[in-house]
Amino acid sequence: MINRPIHSIGKKLTVFVAGVFALGLIINATSASADGFGPIKAPKVDAKKAALGKRLFFDPRLSGDAAISCSTCHIPSKGFADGLELSKAYPGSDGFRNTPTLINTAQRAAWFHDGRLGTNLNDVTRESITETYNMNMDMRLMQERVKQDPIYVKMFKDAGYGEPSNGSIRKAIPEYLKTLTSRGSAFDAGKMSDAAKRGFELFKGKAGCAACHSGNRFTDDQPYNTGVPNNPDIWRKPLRHMTYVAFGLFMGIENIMNIRRDVGAHVRTHKADGSDIGKFMTPTLRELKQTAPYMHNGMIRTLKGVVEFYNNGGGSDANKDPRIKPLGLSKEERANLVTFLNALSGKPLTGKQHVWPGKIDVNYKPIKDWLKQRN
Amino acid sequence: MKTMKKISLALIVGLALIGFAGNAMADKNAPLAALGKPPIPADNPQTAAKVALGKLLFFDPRIGGDASVSCADCHSPTQGWGFADPISRGYPGAIHWRNSQTVVNSAYLGKLFWTGSAKSLENQAPSAALGALSGNGERDVIEARLAFVPEYVKAFREVFGDRWPRVNNVWRAMAAFERTLIHNNTPFDKYMRGDKKALSEQQVRGLKLFQGKANCIECHNGPQLTDQKYYNLGVPRAEEWLTRGLAQITFRYQQYGKGSTEKMYRTIKDDAGLYYRTKEKVDKGKFRTPPLRYTAYTAPYMHNGTFFDFEELVDFYNDGGGKNEFATKTKLLKPLNLSDEEKEDLVAFLESLSGPEIKMATPKIPPYAPLD
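Sequence order for the protein chains is W and G. If you count by the working numbering, then the first sequence holds residues 4 to 378, one letter each, in order. If you count by the working numbering, then the second sequence holds residues 438 to 809, one letter each, in order.
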């Protein structure tokens, strides 16, 4: 069973993999073979629920001070990332990690660069909306805001959710996210150039990328330490550093005031010997054309730079994965790899299907005859 | 009824008013008196350094969630240390649902907020700073931000011995600062201390009405001019809920967040006050008697800011209070049959409860700096 391509095993096993780390590693080993790469199957989507989720995604009223929406950091024209090294954050804070793409996010087994949420997009939505330095929203207040907008009241009803509630908001947004599936890459179309094809062979073979970048999304959804250099901007800029401190206080990171590096997946596994410090989730390699700069902290600006990084055996870190070694790739081989990586990018998801058309009126009209209406 | 009165009187006497036992024996309301010094809790003594720190924190917008709102935004020195709209402005993107009360003399109160949900200033500050409609701040974020202000790190170390600023000490410092906002030398206070010239003849007539025919003293008694008990006066609902979408959102949020029944959430059209704390039907629409000093600067009045001046207030009581949807209105309110002259006298007396305005410039807020 584990030799079958991951996409055909389905979501259940993916979740199972997240829970059983050891089994996950076995799958990594097997998917390094030519098997397991192919187009991503689009999830079944309820069109009305997804349309509702789309409007919510672009609506700034879902943040505490109504200043930012999900789309402030997940920008459609930038591959649902933001093009920045380190993300923005809620006003008064600033980000300490690179915004990950949301394209194909519905297929993930664990979310955020440290993989700290291994459940589902409902939880990811809740976490992103309520976290103080993200959108800082009290979801009870959010529910009542949404209920004040007649357009939402109708959309929730039409979608079969009944009255707007914070529970159905957390269902509708994931339904929309399920529509964000990669389409139209040369890789999926079987139209790769010869150089890209040579790159793919290197990817699976000599370069060893497929050891972690496996499956249709080119990720095993596991955390590793590859020695990506620290981003000094986090520790130099108080707004970023203090946001990391707040995160660390909440996550229970030891010695948080003296730490000057992002501990990564340590917040999930809390290993006493610290051997999990500096591990970050293998990112997807789809839509890279739209999502520079790269790595969890945006430290590498170009795909050429990423390939150089791995060719040099990654960065330097005491906890670096021993499989990261200098690759000895020629200049041409490196170029072929970059060509292959570019072939994994498809069409931008910037049409009406994926972007709420028109402006959202963020003002609230009073309910007429309020005294006679049920609340 | 009589027994209840005796018990509550005994409580008041027991709490604060040592020396007035003789009057209590006569089964009267706690007598009016000049205001003394505020009580200082033994576990949060006043020091100059703590007060100075608390002042900075009170004015620092970085306590609020998006670093744009400080305590002083809804408790503004230029607006009577409250907020001059009927309903407080609240957090950006929201509006509050009650009138912002003055911080002046809050040091004397054992029941803070309109329904007494906090028992001390140390306890009031976090509710205001962290609530979604007010500061929308969060403890970890507040501690993290303060750690990047060298001036705060130094001050918290000196005042509290904190290695890094601790959020509970933020509330302590704020409370210490608030305990310096004291208004106890009004013309009324001077009069009660024996300066018979401190009140005009008209104000003295008003004082007599206050204690007599108008019977304000039934609830506004003791040195603080409040019994700190809860009543429904029949104050009408806030206009905002009928006319503003944002206020309607807040209204429902409060019904939801404060835990009413589904039926109540669907049908209620007013603020049920003390009910949200006790969940007792008899407490619907009840609010704590506010103190009356400094009121020359704190209009509009009542928990929802319904009345804009003393004249409107006096008319309201002269009519025997108002009517709202709760069947809990106090029987203490009856039409007073005050003449126009008497009403003017009463207003003149209310004016004697305020002295000079407590002014304060916004202090310079210390900047962030990177950690070493």
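No residue lacks a Cβ here, since even glycine has one placed at the ideal position from N, Cα and C.
Contacts of residue i in chain G (Cβ-Cβ under 8 Å)
i, result
"H244/W", "F585, P807 and L808"
"L89/W", "Near L89/W there are no residues of chain G at all, since even the closest Cβ is about 15 Å away, more than 8 Å."
"K150/W", "I686 and R689"
Buried versus exposed call for residue i [16 or more other C-beta atoms within 10 Å across all chains shown]
i, result
"Q691/G", "buried"
"N774/G", "exposed"
"G459/G", "In this prediction, G459/G scores a pLDDT of 39, lower than 50, which makes its location untrustworthy; no coordinate-derived value is stated."
"G267/W", "buried"
"I619/G", "buried"
"V672/G", "buried"
"Q434/W", "With chain W running from 4 to 378 in the structure shown, residue 434/W is simply not present."
"N107/W", "buried"
"K771/G", "exposed"
"R263/W", "exposed"
"D708/G", "buried"
"E717/G", "exposed"
"M138/W", "buried"
"D503/G", "buried"
"S34/W", "Per-residue confidence for S34/W stands at a pLDDT of 36, beneath the threshold of 50, marking its modelled position as unreliable; the derived number appears in the next sentence. S34/W is buried by the Cβ-count criterion."
"T229/W", "buried"
"G519/G", "buried"
"N761/G", "buried"
Partners in chain G for residue i, counting only beta-carbon separations shorter than 7 Å
i, result
"A453/W", "Limits of chain W in this structure are 4 at one end and 378 at the other, which puts residue 453/W out of reach."
"Y367/W", "G682, L683 and I686"
9 Å Cβ cutoff met for residue i and residue j
i, j, result
"N658/G", "N536/G", "no"
"V297/W", "R304/W", "It is Tyr, not Val, that sits at residue 297/W in the sequence shown. The answer is yes: Cβ separation under 9 Å."
"D752/G", "K723/G", "no"
"T552/G", "Y668/G", "no"
"P475/G", "R616/G", "yes"
"Y136/W", "L55/W", "no"
"L205/W", "L332/W", "yes"
"K282/W", "N315/W", "no"
"V488/G", "A566/G", "no"
"Q661/G", "A612/G", "no"
"L583/G", "W608/G", "no"
"H77/W", "M284/W", "no"
"A569/G", "Y628/G", "no"
"K174/W", "E166/W", "no"
"G742/G", "A70/W", "no"
"P402/G", "E559/G", "For chain G, the structure presents residues 438 to 809; residue 402/G sits outside this window and is missing."
"F647/G", "F786/G", "yes"
Endpoints, alpha helix (DSSP H) assigned at residue i
i, result
"C76/W", "C73 to C76"
"M158/W", "P153 to D161"
"C508/G", "C508 to C511"
"H244/W", "P241 to M254"
"F593/G", "P587 to F597"
"H269/W", "H269 to T272"
"P772/G", "Taken as a continuous stretch (DSSP letters only), P772/G belongs to no alpha helix (DSSP H), as it is neither H nor E."
"A612/G", "V604 to E615"
Alpha-carbon to alpha-carbon, residue j and residue i
i, j, result
"R594/G", "D626/G", "39 Å"
"A249/W", "E580/G", "7 Å"
"F40/W", "S217/W", "7 Å"
"G572/G", "E748/G", "33 Å"
"P800/G", "D68/W", "25 Å"
"E588/G", "G318/W", "38 Å"
"G301/W", "V231/W", "10 Å"
"T184/W", "P514/G", "55 Å"
"N652/G", "G757/G", "11 Å"
"G118/W", "R730/G", "57 Å"
"A806/G", "D236/W", "14 Å"
"P523/G", "G187/W", "58 Å"
"I29/W", "Y227/W", "Its pLDDT being 41, under 50, I29/W is placed unreliably in this model, and the value from its coordinates should be taken loosely. If you take the alpha carbons of I29/W and Y227/W, they lie about 15 Å apart."
"K52/W", "T133/W", "21 Å"
"L87/W", "K292/W", "14 Å"
"P153/W", "D599/G", "50 Å"
"A798/G", "Y712/G", "39 Å"
"N101/W", "Y702/G", "42 Å"
Chain-ordered chain G contacts of residue i [CB-CB under 9 Å]
i, result
"R58/W", "Correct list: empty, because the minimum Cβ distance to chain G is about 18 Å."
Chain W contact residues for residue i, given Cβ-Cβ distances below 8 Å
i, result
"A552/G", "Per the sequence shown, residue 552/G should be read as Thr rather than Ala. Per Cβ cutoff of 8 Å: no residues; T552/G is ~19 Å from chain W at best."
"N573/G", "G67, D68, N139 and D141"
"Y693/G", "R143, Q146 and E147"
Beta-carbon neighbours of residue i, restricted to chain W and to distances below 9 Å
i, result
"S505/G", "D68, P94 and G95"
Using a Cβ-Cβ cut-off of less than 7 Å, give me the residues of the segment 673 to 691 of chain G that come near chain C, in sequence order. No chain C is part of this structure, whose protein chains are labelled W and G.
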